[in-house]
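Q:
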Amino acid sequence: MTTDDAPLSPEDQADALAAEYVLGVLPLSERLACEARMKTDAAFAARVADWEGRLAPLNDAYADMPAPDLLPKIEARLFPIAAKPPRRPLFGWLAGAVTAVVLVLTGMAVLVPPSAGTLVAVLGETDAALRFEARFDGQALTVIRVAGSAAPEGQVQEVWLIAPEAAPVSLGLLPGERLSVAYPEAPAGWTLAVSLEPAGGSPTGAPTGPVLAAGLITDL
Amino acid sequence: MTDDPVADLLSRVAAQDRAAFRTLYSQTSAKLMGVLIRILGTRPEAEEALQEVFTRVWLRAARFDATKGRGMTWLVAIARNHAIDRLRARPSDAARDDSEGVIDRIRDSAPTAETRMIAMGEAGRIADCFARLEPDRAAAVRGAYLDGLSYQDLADRHAVPLNTMRTWLRRGLLKLRECLDA
Chain A
2 MTTDDAPLSP EDQADALAAE YVLGVLPLSE RLACEARMKT DAAFAARVAD
52 WEGRLAPLND AYADMPAPDL LPKIEARLFP IAAKPPRRPL FGWLAGAVTA
102 VVLVLTGMAV LVPPSAGTLV AVLGETDAAL RFEARFDGQA LTVIRVAGSA
152 APEGQVQEVW LIAPEAAPVS LGLLPGERLS VAYPEAPAGW TLAVSLEPAG
202 GSPTGAPTGP VLAAGLITDL
Chain B
10 MTDDPVADLL SRVAAQDRAA FRTLYSQTSA KLMGVLIRIL GTRPEAEEAL
60 QEVFTRVWLR AARFDATKGR GMTWLVAIAR NHAIDRLRAR PSDAARDDSE
110 GVIDRIRDSA PTAETRMIAM GEAGRIADCF ARLEPDRAAA VRGAYLDGLS
160 YQDLADRHAV PLNTMRTWLR RGLLKLRECL DA
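Residue numbers (my numbering), protein chains in the order written: chain A, 2 to 221; chain B, 10 to 191.
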């Protein structure tokens, strides 16, 4: 085929890339690059949407398969029940207090993670190996690493809050699994991101390392 | 109300309607499970992925735009993207070790996809356009879309270098676009 030798026009290059993204043939690094581009390049995002529409008739070939009722698990993740201890008679209260004292004495209580509130963002949608969630309980925004591990020796994960069209603001470092920051609201439409920085955090006050995960805060 | 019941449910989900979310699950989880099992290959992984997919649906429902496409198309795109990301995040050699299984899936799926498409009247146009591609390119596009095959999988299957595969497939896709948009 001689036509295979002619180079593609820049337009066709972009369109072929959008099609490759929708097909799913690209390696993960190129998929991530496409997703980053979709966020800033509206024309490219529109190309991706067009390809999703073009190929959608193929979806008919996916046969229905019975799915178990996973709703309870999904809802438990999305809508945590407010932790309201039921009122107890004095005896129960005493028993509870004794248990609490025992837990504190044995150092167990600190191991129980505090409830962090409602899920407001999922970070790292494209990389199952490293994923974070953000939760908001009315007073604090908490970012929790739910998959993957901490940064390697000499580096640290840093959390950023990014208002639309604004520069990222550091919320702090994530040497452990969670970071809680007092915050009056979960600003919908703002982006949370985690970058890899040298130990001690970004030396410049702006992200310097690769972005490991990012997600949009959703108004719940 | 529109003629797209899934889109109607999505707009209610975007308004935080939990009852609509439950209805959406009951009406679309079987289709999305079909997508996830086909791409991921095992039920346990597909079930894990289904939870993630519906979590994203709740969080992203406000971004669905009914003027730009059908609700089910949007849901399938979320499920496919998540399943493919999971595949690509697997250590590549683990996926390759399973190449026998992949090839079995290809053998099973390639003809059925086409048969199904021909059987479905409304898919007539895309079947028509696929028929105009060289058969191996059409099979590559279908295999990638339906089974989540990577460029490496396709190159192995067709016994051509990866770059050749990429050139083939890109040309095939642009030809497909020309036909579908005509």
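Even for Gly, the Cβ is constructed at its ideal location relative to N, Cα and C.
Quick caveat, the model's predicted, so the values are computed rather than measured.
What are the uninterrupted segments assigned as alpha helix (DSSP H) that are 4 or more residues long and contained completely in the segment 132-164 of chain B, given in chain order?
A: DSSP runs (the alpha helix (DSSP H)) wholly in the segment 132-164 of chain B: 133-140 and 144-156.
Q: For Ala194 (chain A), does the three-state DSSP call read helix, strand or coil?
A: Correct three-state label for Ala194 (chain A): strand.
Q: Check each residue of the segment 31-48 of chain A: if its Cβ is closer than 7 Å to any Cβ of chain B, include it; give the result in chain order.
A: The segment 31-48 of chain A vs chain B, Cβ under 7 Å: Arg32.
Q: Does the Cβ of Gln140 (chain A) have 16 or more other Cβ atoms within 10 Å, making it buried, or fewer, making it exposed?
A: Classification of Gln140 (chain A): exposed, given that the 10 Å Cβ count is below 16.
Q: For Val62 (chain B), count neighbouring Cβ atoms within 10 angstroms of its own Cβ and tell me buried if that reaches 16, exposed if not.
A: Buried is the call here.
Q: What would DSSP say about Arg79 (chain B), mapped onto helix, strand or coil?
A: Residue state, collapsed to three classes: coil.
Q: Flag Thr82 (chain B) as yes if its beta-carbon sits less than 8 Å from any beta-carbon of chain A, otherwise no.
A: Chain A, which has a Cβ nearer than 8 Å to the Cβ of Thr82 (chain B), makes this yes.
Q: Which residues, in chain order, does the segment 64-82 of chain A contribute to contact with chain B at a C-beta distance below 9 Å?
A: The segment 64-82 of chain A vs chain B, Cβ under 9 Å: Ala64, Asp65, Met66, Pro67, Ala68, Pro69, Asp70, Leu71, Leu72, Lys74, Ile75, Glu76, Arg78, Leu79 and Phe80.
Q: Note down, in chain order, every chain A residue with its Cβ under 7 Å from the Cβ of Ala86 (chain B).
A: The answer, in chain order, is Glu53.
Q: Can you tell me which of B:Asp137, B:Met81 and B:Ala58 puts its alpha carbon nearest to the alpha carbon of Gly54 (chain A)?
A: If we check each option's Cα against that of Gly54 (chain A), B:Met81 comes out closest.
Q: Between Leu41 (chain B) and Ala88 (chain B), which are expected to be in contact by the criterion C-beta below 8 Å, what is the C-beta distance as a whole number of angstroms?
A: About 5 Å; that satisfies the 8 Å criterion.
Q: Grouping DSSP H, G and I as helix and E and B as strand, with all else coil, what is Phe133 (chain A)?
A: In this structure, Phe133 (chain A) counts as strand in the three-state DSSP scheme.
Q: So which residues on chain A does Phe63 (chain B) lean against when the C-beta distance must stay under 7 Å?
A: Residues of chain A passing the Cβ test: Ile75.
Q: Using only the alpha-carbon positions, how far apart do Ala15 (chain A) and Lys40 (chain A) sit?
A: Approximately 15 Å, taken between the alpha carbons.
Q: Between Leu49 (chain B) and chain A, is there a C-beta pair that is closer than 8 Å?
A: Judged by the 8 Å Cβ criterion, Leu49 (chain B) is not in contact with chain A.
Q: Run through chain A and tell me which residues come within less than 7 Å of Gln60 (chain B), C-beta to C-beta.
A: Those within 7 Å of Gln60 (chain B) in chain A are Leu71, Lys74 and Ile75.
Q: Excluding the 5 residues preceding and the 5 following Gln156 (chain A) in the sequence, name in chain order all residues of the same chain whose CB lies nearer than 8 Å to its CB.
A: Taken in chain order, the residues that qualify are Leu197, Glu198, Pro199, Ala200 and Gly210.
Q: Are the C-beta atoms of Met109 (chain A) and some chain B residue less than 8 Å apart?
A: Model confidence at Met109 (chain A) stands at a pLDDT of 41, short of 50, so the residue's coordinates are unreliable; what they give is reported in the following sentence. No, no contact with chain B.
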